[in-house]
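Peer 1: Here the sequence shown is numbered in the numbering used here, starting from 1321 and rising by one per residue.
A virtual CB, placed ideally from N, CA and C, is assigned to each residue, including glycine.
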Amino acid sequence: MYGEDVLAGDWRRRKVTPEVEAEPDLVVEDADSGFCGAVVGFELGAVVLEDRNGRRRNFPLAPAAFLLDGRPVTLVRPSAVRAPAQRRVTASGSVAVDGVQAQVAKASRIWVEGIHDAALVERIWGDDLRIEGIVVEPLDGIDDLAGAVAAFRPGPSRRLGVLVDHLVPGSKESRIVARVTDPNVLVTGHPYVDIWQAVRPERVGLRAWPVIPPGRPWKEGVCAAVGIREPADMWRRVLASVSSYKDVETPLINSMERLIDFVTVLEG
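1. If you measure between the beta carbons of Val1484 and Val1507, is that distance less than 8 Å?
2. Which residues bound the beta strand (DSSP E) around Ala1380?
3. For Glu1343, which option in Val1469, Gly1361 and Leu1579 has the closest C-alpha, if you only look at C-alpha atoms?
4. Could you work out which residue in Leu1364, His1486, Pro1551 and Glu1339 is closest to Gly1509 when comparing CA atoms only?
5. Can you tell which of Gly1475, Val1497, Ser1564 and Ala1545 has its C-alpha closest to the C-alpha of Arg1520?
6. Grab the span of the alpha helix (DSSP H) containing Phe1472 for me, first residue to last.
7. As an exercise, report each continuous alpha helix (DSSP H) stretch of at least 4 residues that is fully enclosed by the segment 1434-1500, in chain order.
8. What residues are listed by DSSP as bridge partners for Pro1392?
9. Take the Cβ of Asp1514 as the centre, count every other Cβ of all protein chains shown within 10 Å, and call the residue buried at 16 or more, exposed below.
10. Short of 6 Å in beta carbon distance, which residues of its chain neighbour Val1336, apart from the five on each side in sequence? Order them along the chain.
11. Check whether the Cβ atoms of Val1348 and Leu1395 lie closer than 8 Å to each other.
12. Between which residues of its own chain and Val1585 is the CB-CB distance below 6 Å, once the five residues before and five after are set aside?
13. Are Lys1539 and Pro1551 touching if we call contact CB-CB under 8 Å?
14. According to DSSP, is Ile1573 part of a helix, a strand, or is it coil?
15. Residues bridged to Ile1430 by DSSP?
16. Apart from the five residues just before and just after Asp1437, which ones in its own chain have a Cβ nearer than 6 Å to its Cβ?
17. Roughly how many whole angstroms lie between the Cα atoms of Trp1268 and Arg1549?
18. Quick check on the DSSP output: the alpha helix (DSSP H) that includes Ala1544 runs from which residue to which?
19. Please state whether DSSP places Glu1343 in a helix, a strand or coil.
20. Consult DSSP for Glu1550 and reduce its assignment to one of helix, strand or coil.
21. With C-beta atoms as the reference, is Val1500 less than 8 Å away from Ala1528?
22. Cα separation between Gln1517 and Phe1379?
23. Quick check on the burial criterion: 16 or more other C-beta atoms within 10 angstroms. Buried or exposed for Glu1433?
24. What do you reckon, are the CB atoms on Gly1453 and Ala1425 nearer than 8 Å?
25. Would Pro1474 be called buried (16 or more neighbouring beta carbons within 10 Å of its own) or exposed?
26. So is Gly1365 buried or exposed if we call it buried at 16+ other beta carbons inside 10 Å?
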(Lines of atoms letter the chains of each structure in order from A and count residues from 1; the text may use other names and numbers.)
(Lines give C-alpha, C1' and ligand atoms only; values in the text may rest on other atoms or scores of the structure.)
Protein backbone atom coordinates (compact mmCIF):
# COMPACT_ATOMS: atom_id res chain seq x y z
CA MET A 1 0.00 0.00 0.00
CA TYR A 2 2.94 2.29 0.65
CA GLY A 3 4.81 1.30 -2.49
CA GLU A 4 8.66 1.18 -2.36
CA ASP A 5 10.23 0.58 1.04
CA VAL A 6 11.76 3.93 2.09
CA LEU A 7 14.19 2.13 4.40
CA ALA A 8 15.54 -0.15 1.70
CA GLY A 9 19.11 0.47 0.50
CA ASP A 10 21.83 2.64 2.04
CA TRP A 11 19.79 5.70 2.90
CA ARG A 12 22.57 7.13 5.06
CA ARG A 13 25.00 7.46 2.11
CA ARG A 14 25.87 11.04 1.18
CA LYS A 15 27.14 12.37 -2.12
CA VAL A 16 30.77 11.28 -2.55
CA THR A 17 33.39 13.96 -3.28
CA PRO A 18 35.90 12.67 -5.82
CA GLU A 19 39.49 12.20 -4.77
CA VAL A 20 42.17 13.76 -6.97
CA GLU A 21 45.88 13.10 -6.73
CA ALA A 22 47.76 16.32 -5.97
CA GLU A 23 50.17 16.11 -8.88
CA PRO A 24 52.79 18.88 -9.34
CA ASP A 25 51.40 21.90 -11.23
CA LEU A 26 47.76 20.89 -10.64
CA VAL A 27 45.86 24.17 -10.16
CA VAL A 28 43.19 24.17 -7.45
CA GLU A 29 41.41 26.67 -5.20
CA ASP A 30 41.11 26.44 -1.44
CA ALA A 31 37.35 26.41 -0.85
CA ASP A 32 37.48 28.40 2.40
CA SER A 33 39.97 31.18 1.61
CA GLY A 34 39.67 31.39 -2.17
CA PHE A 35 43.47 31.09 -2.53
CA CYS A 36 44.20 29.66 -5.97
CA GLY A 37 47.51 28.12 -6.93
CA ALA A 38 49.48 25.24 -8.36
CA VAL A 39 50.64 22.26 -6.32
CA VAL A 40 54.37 22.59 -5.64
CA GLY A 41 54.86 20.04 -2.87
CA PHE A 42 53.91 18.87 0.62
CA GLU A 43 54.96 19.99 4.10
CA LEU A 44 53.98 18.39 7.42
CA GLY A 45 51.03 16.59 5.87
CA ALA A 46 49.71 19.67 4.08
CA VAL A 47 49.74 20.49 0.39
CA VAL A 48 51.72 23.59 -0.68
CA LEU A 49 50.10 25.85 -3.28
CA GLU A 50 51.87 28.66 -5.16
CA ASP A 51 49.85 31.43 -6.82
CA ARG A 52 50.68 33.38 -9.98
CA ASN A 53 52.61 35.98 -7.92
CA GLY A 54 54.90 33.38 -6.34
CA ARG A 55 53.18 33.43 -2.95
CA ARG A 56 52.98 30.05 -1.19
CA ARG A 57 50.54 28.74 1.41
CA ASN A 58 50.02 25.37 3.10
CA PHE A 59 46.58 23.74 3.31
CA PRO A 60 45.49 20.55 5.15
CA LEU A 61 44.35 17.66 2.96
CA ALA A 62 40.83 17.81 4.37
CA PRO A 63 37.83 16.19 2.62
CA ALA A 64 36.18 18.41 -0.01
CA ALA A 65 38.53 21.26 0.92
CA PHE A 66 39.43 22.30 -2.63
CA LEU A 67 37.77 23.29 -5.88
CA LEU A 68 38.93 21.91 -9.21
CA ASP A 69 37.30 23.60 -12.21
CA GLY A 70 34.72 24.93 -9.75
CA ARG A 71 33.78 21.51 -8.30
CA PRO A 72 34.64 20.24 -4.80
CA VAL A 73 37.40 17.63 -4.62
CA THR A 74 39.46 15.92 -1.95
CA LEU A 75 43.17 16.15 -2.64
CA VAL A 76 45.31 13.14 -1.80
CA ARG A 77 49.01 12.51 -2.11
CA PRO A 78 50.02 10.96 -5.46
CA SER A 79 50.04 7.17 -5.28
CA ALA A 80 53.50 7.00 -6.82
CA VAL A 81 56.35 9.48 -6.46
CA ARG A 82 57.43 10.82 -9.83
CA ALA A 83 60.92 12.25 -10.14
CA PRO A 84 61.70 14.95 -10.70
CA ALA A 85 58.58 16.60 -9.29
CA GLN A 86 59.71 20.02 -10.49
CA ARG A 87 61.98 21.37 -13.15
CA ARG A 88 65.12 22.81 -11.61
CA VAL A 89 65.81 26.38 -12.62
CA THR A 90 68.83 28.64 -12.33
CA ALA A 91 68.87 31.93 -10.46
CA SER A 92 68.11 33.69 -13.75
CA GLY A 93 64.91 31.67 -14.23
CA SER A 94 66.33 29.47 -17.00
CA VAL A 95 65.70 25.73 -16.96
CA ALA A 96 68.80 24.10 -15.44
CA VAL A 97 70.60 21.59 -17.65
CA ASP A 98 71.87 18.69 -15.57
CA GLY A 99 75.18 17.03 -16.33
CA VAL A 100 76.54 19.90 -18.43
CA GLN A 101 79.93 21.28 -17.49
CA ALA A 102 81.14 24.82 -17.96
CA GLN A 103 82.61 25.47 -21.39
CA VAL A 104 86.06 26.76 -22.10
CA ALA A 105 85.87 30.55 -22.25
CA LYS A 106 84.98 31.91 -25.68
CA ALA A 107 86.43 35.03 -27.25
CA SER A 108 83.25 37.04 -26.70
CA ARG A 109 82.91 39.01 -23.47
CA ILE A 110 80.44 40.98 -21.38
CA TRP A 111 81.79 44.10 -19.67
CA VAL A 112 80.18 45.67 -16.60
CA GLU A 113 81.02 48.78 -14.58
CA GLY A 114 82.98 47.60 -11.59
CA ILE A 115 83.31 44.61 -9.28
CA HIS A 116 79.92 45.13 -7.64
CA ASP A 117 78.20 44.82 -11.01
CA ALA A 118 80.23 41.71 -11.80
CA ALA A 119 79.37 40.09 -8.46
CA LEU A 120 75.64 40.72 -8.86
CA VAL A 121 75.63 39.46 -12.46
CA GLU A 122 77.45 36.33 -11.31
CA ARG A 123 74.91 35.80 -8.52
CA ILE A 124 72.00 35.73 -10.99
CA TRP A 125 73.36 34.73 -14.41
CA GLY A 126 76.56 32.87 -13.47
CA ASP A 127 75.23 29.37 -14.25
CA ASP A 128 73.97 30.44 -17.67
CA LEU A 129 77.20 32.21 -18.58
CA ARG A 130 79.40 29.28 -17.55
CA ILE A 131 77.40 26.92 -19.74
CA GLU A 132 77.78 29.35 -22.65
CA GLY A 133 81.47 29.95 -21.97
CA ILE A 134 81.06 33.74 -21.62
CA VAL A 135 83.31 35.65 -19.20
CA VAL A 136 82.12 38.82 -17.44
CA GLU A 137 84.84 41.41 -16.92
CA PRO A 138 84.59 44.54 -14.73
CA LEU A 139 85.62 47.92 -16.17
CA ASP A 140 87.09 50.77 -14.22
CA GLY A 141 84.53 53.25 -15.56
CA ILE A 142 83.45 53.91 -19.14
CA ASP A 143 85.03 57.32 -19.80
CA ASP A 144 87.22 55.80 -22.54
CA LEU A 145 84.78 53.12 -23.65
CA ALA A 146 85.42 53.75 -27.36
CA GLY A 147 89.16 53.25 -26.86
CA ALA A 148 88.65 50.07 -24.83
CA VAL A 149 86.34 48.68 -27.51
CA ALA A 150 88.88 49.41 -30.24
CA ALA A 151 91.59 47.65 -28.21
CA PHE A 152 89.33 44.62 -27.80
CA ARG A 153 89.05 44.31 -31.60
CA PRO A 154 85.51 42.88 -31.80
CA GLY A 155 84.40 40.78 -34.75
CA PRO A 156 81.67 38.34 -35.84
CA SER A 157 83.17 35.56 -33.70
CA ARG A 158 84.41 37.93 -30.99
CA ARG A 159 81.40 39.89 -29.87
CA LEU A 160 81.25 42.32 -27.00
CA GLY A 161 78.36 43.28 -24.74
CA VAL A 162 78.58 46.21 -22.34
CA LEU A 163 76.26 46.90 -19.40
CA VAL A 164 76.22 50.60 -18.45
CA ASP A 165 74.82 52.19 -15.28
CA HIS A 166 72.55 55.24 -15.53
CA LEU A 167 72.03 54.92 -19.28
CA VAL A 168 69.27 57.49 -19.78
CA PRO A 169 68.72 60.09 -22.55
CA GLY A 170 70.85 63.19 -22.12
CA SER A 171 73.22 61.70 -19.57
CA LYS A 172 77.01 61.67 -19.80
CA GLU A 173 76.78 57.90 -20.20
CA SER A 174 74.49 58.18 -23.22
CA ARG A 175 76.95 60.50 -24.97
CA ILE A 176 79.84 58.10 -24.32
CA VAL A 177 77.85 55.14 -25.59
CA ALA A 178 76.85 57.00 -28.78
CA ARG A 179 80.52 56.98 -29.85
CA VAL A 180 80.55 53.16 -30.03
CA THR A 181 79.21 52.13 -33.44
CA ASP A 182 80.80 48.72 -34.12
CA PRO A 183 78.06 46.25 -35.23
CA ASN A 184 79.74 43.50 -33.20
CA VAL A 185 79.28 45.48 -29.99
CA LEU A 186 76.02 45.90 -28.09
CA VAL A 187 75.97 48.55 -25.38
CA THR A 188 72.88 48.64 -23.23
CA GLY A 189 72.13 49.43 -19.62
CA HIS A 190 69.69 50.36 -16.92
CA PRO A 191 68.44 53.73 -15.59
CA TYR A 192 69.77 53.33 -12.05
CA VAL A 193 72.62 55.47 -10.72
CA ASP A 194 74.41 52.37 -9.43
CA ILE A 195 73.87 48.61 -9.62
CA TRP A 196 72.79 48.73 -5.94
CA GLN A 197 69.69 50.64 -6.97
CA ALA A 198 68.71 47.88 -9.41
CA VAL A 199 68.05 45.64 -6.39
CA ARG A 200 64.45 45.85 -5.22
CA PRO A 201 64.52 48.07 -2.11
CA GLU A 202 62.23 45.82 -0.07
CA ARG A 203 64.79 43.02 -0.41
CA VAL A 204 67.26 45.24 1.44
CA GLY A 205 64.70 46.22 4.08
CA LEU A 206 63.89 49.64 2.58
CA ARG A 207 60.61 51.11 1.38
CA ALA A 208 62.50 52.90 -1.37
CA TRP A 209 66.08 53.80 -2.17
CA PRO A 210 67.01 57.19 -0.64
CA VAL A 211 67.05 60.18 -2.97
CA ILE A 212 70.58 61.58 -2.97
CA PRO A 213 71.06 65.24 -4.05
CA PRO A 214 73.12 65.80 -7.23
CA GLY A 215 76.80 66.35 -6.57
CA ARG A 216 76.99 64.06 -3.57
CA PRO A 217 78.54 60.58 -4.01
CA TRP A 218 75.56 58.25 -4.33
CA LYS A 219 76.83 55.28 -2.33
CA GLU A 220 78.04 57.43 0.55
CA GLY A 221 74.73 59.27 0.55
CA VAL A 222 72.78 56.02 0.74
CA CYS A 223 74.93 54.78 3.61
CA ALA A 224 74.37 58.01 5.55
CA ALA A 225 70.62 57.85 4.95
CA VAL A 226 70.27 54.28 6.22
CA GLY A 227 72.76 54.59 9.08
CA ILE A 228 75.57 52.39 7.77
CA ARG A 229 79.09 53.76 8.06
CA GLU A 230 80.98 52.04 5.27
CA PRO A 231 79.85 51.39 1.65
CA ALA A 232 81.52 47.96 1.88
CA ASP A 233 79.14 47.01 4.70
CA MET A 234 76.14 48.23 2.75
CA TRP A 235 77.25 46.32 -0.32
CA ARG A 236 77.44 43.07 1.65
CA ARG A 237 73.89 43.68 2.79
CA VAL A 238 72.76 44.39 -0.78
CA LEU A 239 74.44 41.34 -2.31
CA ALA A 240 73.20 39.04 0.46
CA SER A 241 69.63 40.05 -0.39
CA VAL A 242 69.91 38.77 -3.97
CA SER A 243 69.42 35.11 -4.81
CA SER A 244 67.58 35.23 -8.14
CA TYR A 245 66.21 37.48 -10.88
CA LYS A 246 63.13 38.07 -8.72
CA ASP A 247 65.22 40.27 -6.42
CA VAL A 248 66.19 42.86 -9.07
CA GLU A 249 64.32 45.34 -11.23
CA THR A 250 63.06 44.49 -14.71
CA PRO A 251 65.28 46.94 -16.68
CA LEU A 252 68.40 45.16 -15.42
CA ILE A 253 66.96 41.75 -16.27
CA ASN A 254 66.01 42.84 -19.78
CA SER A 255 69.42 44.38 -20.45
CA MET A 256 71.35 41.32 -19.28
CA GLU A 257 69.18 38.95 -21.29
CA ARG A 258 69.80 41.06 -24.42
CA LEU A 259 73.55 41.03 -23.83
CA ILE A 260 73.67 37.27 -23.27
CA ASP A 261 71.67 36.64 -26.44
CA PHE A 262 73.93 38.98 -28.41
CA VAL A 263 77.25 37.45 -27.39
CA THR A 264 76.08 33.84 -27.66
CA VAL A 265 74.57 34.04 -31.16
CA LEU A 266 77.60 34.23 -33.41
CA GLU A 267 77.59 34.97 -37.10
CA GLY A 268 79.09 32.78 -39.79
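Peer 2: According to the structure data:
1. yes
2. According to the sequence shown, residue 1380 is Pro rather than Ala. Counting along the chain, the beta strand (DSSP E) containing Pro1380 begins and ends at Arg1376 to Pro1380.
3. Gly1361
4. His1486
5. Ser1564
6. Leu1465 to Phe1472
7. 1435-1452, 1465-1472 and 1492-1498
8. Leu1387
9. buried
10. none
11. yes
12. none
13. yes
14. helix
15. Val1456 and Gly1481
16. Ile1515
17. Nothing can be reported for residue 1268, as the shown portion of the chain is limited to 1321 through 1588.
18. Trp1538 to Val1546
19. coil
20. coil
21. no
22. 37 Å
23. buried
24. yes
25. buried
26. exposed
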